[in-house]
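Q: What the first sequence shows, in this note's numbering, is residues 330 to 573, in sequence order.
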Amino acid sequence: MGHHCCSKQKVKRGLWSPEEDEKLIKHITNHGHGCWSSVPKLAGLQRCGKSCRLRWINYLRPDLRRGSFTEHEERTIIDVHRILGNRWAQIAKHLPGRTDNEVKNFWNSCIKKKLIAQGFSSQHMVELERAKMPILLPLSSSSQPLDFGTAVQSWVANSDLGAAFEPARRPEAYEQMLQPPMVGQEFVNKGLDLRGGGVVQSQTNVDMGSFDGCNIDLEFMEAALMPTLYTNVGSLDQLAWDCN
DNA sequence: AATTGCACCAACCGCAAAATC
DNA sequence: AGATTTTGCGGTTGGTGCAAT
Numbered sequence: 330m331g332h333h334c335c336s337k338q339k340v341k342r343g344l345w346s347p348e349e350d351e352k353l354i355k356h357i358t359n360h361g362h363g364c365w366s367s368v369p370k371l372a373g374l375q376r377c378g379k380s381c382r383l384r385w386i387n388y389l390r391p392d393l394r395r396g397s398f399t400e401h402e403e404r405t406i407i408d409v410h411r412i413l414g415n416r417w418a419q420i421a422k423h424l425p426g427r428t429d430n431e432v433k434n435f436w437n438s439c440i441k442k443k444l445i446a447q448g449f450s451s452q453h454m455v456e457l458e459r460a461k462m463p464i465l466l467p468l469s470s471s472s473q474p475l476d477f478g479t480a481v482q483s484w485v486a487n488s489d490l491g492a493a494f495e496p497a498r499r500p501e502a503y504e505q506m507l508q509p510p511m512v513g514q515e516f517v518n519k520g521l522d523l524r525g526g527g528v529v530q531s532q533t534n535v536d537m538g539s540f541d542g543c544n545i546d547l548e549f550m551e552a553a554l555m556p557t558l559y560t561n562v563g564s565l566d567q568l569a570w571d572c573n
């Protein structure tokens, strides 16, 4: 059975052989990929363009960084995921040489387990993911399960991003954060409110759909909130965006 | 030594957005 | 402007290898 995208051709599926890899590398090195749908024919491969693209991006690209994730990379993934949710391609942009697929696999196989081990029930994780929400979960190096409030305190005390929400700086936001997260609109609104430093005015009609569709500049928000990129927490107070 | 269960990860699928015709 | 094609993304699957029984 063929792919719907290339039903005319006989296409091979499954793992790539070294010979196929070689053909693809040779072709792209000499000619660039150009239009992916024409790559298989030009490279002499019985694959669909989609498969070629994936193989190149996830495995053959020369700038890929192989091997296990460093602690710093793991930290970055968790921090950015907290802001963006499952936007793997966006998260991968913060990790030179890593692909969205790799980050996603790493999250699903390692980080999720760690978060669960740190006191977040697997049911809670499932619900959060089902709702496609950014996860505002604090972390602890402790192996002891934490209740949510304790975990928040630990996160604020121990992470760069969390420091922006110190009680002295932002008492209402801090109080809000101490409430266990809820799945649904209210939590999303809280998340927006906390991340935006209270700039989001609408507290009643913002759901995840409008979050995705509104004019929030995610790249900008990321840049503004990335721990490695901001040094003056006060600038967070001035962060504002138009959500109409 | 054989079997089973599990974790990992490469690759596929379906969908939506963007580009092109 | 609408249809078609291409690209990119996130979710999911299935093969492989390793550990436990």
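Don't be surprised by glycine CBs; every beta carbon is placed ideally from N, CA and C.
(1) Would you kindly work out how many angstroms separate the C-alpha atoms of G373 and E349, rounded to a whole number?
(2) At which residues does the alpha helix (DSSP H) containing L371 begin and terminate?
(3) Between I357 and I412, what straight-line distance do the alpha-carbon atoms span, to the nearest angstrom?
(4) Rounded to whole angstroms, what is the Cα-Cα separation between R382 and W365?
(5) Does the count of Cβ pairs from the region 420-428 and the region 393-412 closer than 8 Å reach three?
(6) Rounded to whole angstroms, what's the CA-CA distance from L353 to W385? Just pull it up for me.
(7) Here's the rule I'm using: 16 or more other beta-carbon atoms within 10 Å means buried, otherwise exposed. How should D408 be labelled?
(8) Mapping DSSP to helix, strand and coil, what is V340?
(9) Measure from the alpha carbon of L388 to the alpha carbon of each residue in N437, P347, L371, then state which is nearest.
A: According to the data block:
(1) 9 Å
(2) 368-372
(3) 35 Å
(4) 6 Å
(5) yes
(6) 8 Å
(7) buried
(8) coil
(9) As written in the sequence, residue 388 is Tyr, which differs from the Leu given in the question. Nearest of N437, P347, L371 to Y388, Cα basis: P347.
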